[in-house]
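Structure, as C-alpha cells:
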Amino acid sequence: MVRFGLLNSKEWFSHVSGGPMRGSDEDKKFNILISRVACIAKIQHKNIGYSGPLSRQLLCYRSLISEVRSTLRNLIEVVLASLLLSGDASRDRNDWTEMSVKLPFIDDNDCGLGIAVRTYLDDLPLQADPTSPEARLEVKSKGKEWFQHSDSFTSNLEKAFKLWDAVSAQRLEPIFTTRADLFLLSGLQRHAERQ
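Heads up, the sequence shown is in the numbering used here, so the first residue is 198 and it goes up one at a time.
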C-alpha cells in the first residue's frame, strides 16, 4: 500500500459518507490516515454478523486493500506454479493443501477496525481535554455501545494503534521501481475512481 502511494490521507472518496466529522482539518486528516491503516487488520468480533457504525469511505478504501491483497496472493500463486511446472521445486509432495494455506495474503481484510478507530478518534474532540487519559478512558467506555458484539473495544484499539506505530515508524514515501508497479498502480487508481 505504501509502495503504491495508497496509504495516505487524500480525500479520494469525499463523495460518499463516513469520513471524520469532528476536529480541525488536520485532526480529520490524521483520523482518516490512522483509520485507513487500521483497515489493514481485522476487528475482533463475535461470530454474529457485524453491528455498529458504518463508513462508506472506509468501505471504499477496504476495496483498494482487498485488490492489492488479491493481486499479491495471485502473484505468489503464479510464482509457485511456475516453480513447480518448470521443475525448479519438487512436485513429489503430500502437503499441497497445507502449503497453499500457508502462503501469505490468504485472508481478506475488513474495515471494522478502521471504523472503530475512526469512531473513537471522532469522539475525542467532544471532550474538554481530548488528550487526557480520563477523556480517552471515557470515550473507550462508549465502545461497547458502538460495537455491541466486539470482543473488547479497548483491545481492538490497542491492536490498531500498535499497527499504526509499526507503519508510521517506516519510510512512507511511495517507491516505484518497475513498469509493473506503475501498471498495477494505474489499475488501482481506475478502480478507486469507479467506487
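Beta carbons: idealized from backbone N, C-alpha and C, even for Gly.
* **Contact belief for S338 with H242 at Cβ below 8 Å, rounded distance in angstroms** => Numbered from its first residue, the sequence shown carries residue 338 at position 141. Numbered from its first residue, the sequence shown carries residue 242 at position 45. In this structure S338 is not in contact with H242, their Cβ atoms being roughly 18 Å apart against a cut-off of 8 Å.
* Looking at the structure shown, is S263 part of a helix, part of a strand, or coil, going by DSSP? -> As a position in the sequence shown, residue 263 is number 66, starting the count at 1. Three-state DSSP puts S263 in a helix.
* One or two residues paired with H242 in a DSSP bridge -> The residue given as residue 242 occupies position 45 in the sequence shown. According to DSSP, H242 shares a beta bridge with S347.
* **Spatially closest choice to W361 from N291, L310, E295, by CA coordinates** => For the purposes of this step, residue 361 is taken as residue 164 along the sequence shown, with counting starting at 1. The option with the nearest alpha carbon to W361 is L310.
* To do: Rounded to whole angstroms, what's the CA-CA distance from G145 to E295? Just pull it up for me.
  => Any question about residue 145 goes unanswered here, given that the chain covers just 198 to 392.
* To do: Spell out a yes or no on whether the segment 303-322 and the segment 244-262 are touching, meaning 3 or more CB-CB pairs, one atom from each, closer than 8 Å.
  => Of all C-beta pairs linking the segment 303-322 to the segment 244-262, three or more are shorter than 8 Å, placing the two stretches in contact.
* Asked: Which residues mark the beginning and the end of the alpha helix (DSSP H) in which L204 is found?
  -> By 1-based counting over the sequence shown, the position of residue 204 is 7. Taken as a continuous stretch (DSSP letters only), L204 belongs to no alpha helix (DSSP H), as it is neither H nor E.
* Would the beta-carbon of P322 fall within 8 Å of that of G216? -> Position 125 of the sequence shown, counted from the start, is the residue given in the question as residue 322. Position 19 of the sequence shown, counted from the start, is the residue given in the question as residue 216. No, Cβ-Cβ distance for P322 and G216 is not below 8 Å.
* If we cut at 8 Å on Cβ distances, does D348 have a partner in chain B? -> In the structure shown, chain B does not exist; there is a single protein chain.
* Asked: alpha helix (DSSP H) containing R219: first to last residue?
  -> As a working mapping, residue 219 is identified with position 22 in the sequence shown. For R219, no alpha helix (DSSP H) encloses it, and the DSSP letter there is neither H nor E.
* **Minimum C-alpha distance to L204 - residue among D222, E223, I229, S211** => The count along the sequence shown starts at 1 and reaches residue 204 at position 7. Closest option to L204, Cα to Cα, is I229.
* Mind checking whether R270 and L281 have CB atoms under 8 Å apart? -> Here residue 270 refers to the residue found at position 73 of the sequence shown. Here residue 281 refers to the residue found at position 84 of the sequence shown. The answer is no: Cβ separation not under 8 Å.
* Going by C-alpha distance, which of A235, K225, V213, N291 is nearest M198? -> Numbered from its first residue, the sequence shown carries residue 198 at position 1. Ranking the options by Cα distance to M198, first place goes to A235.
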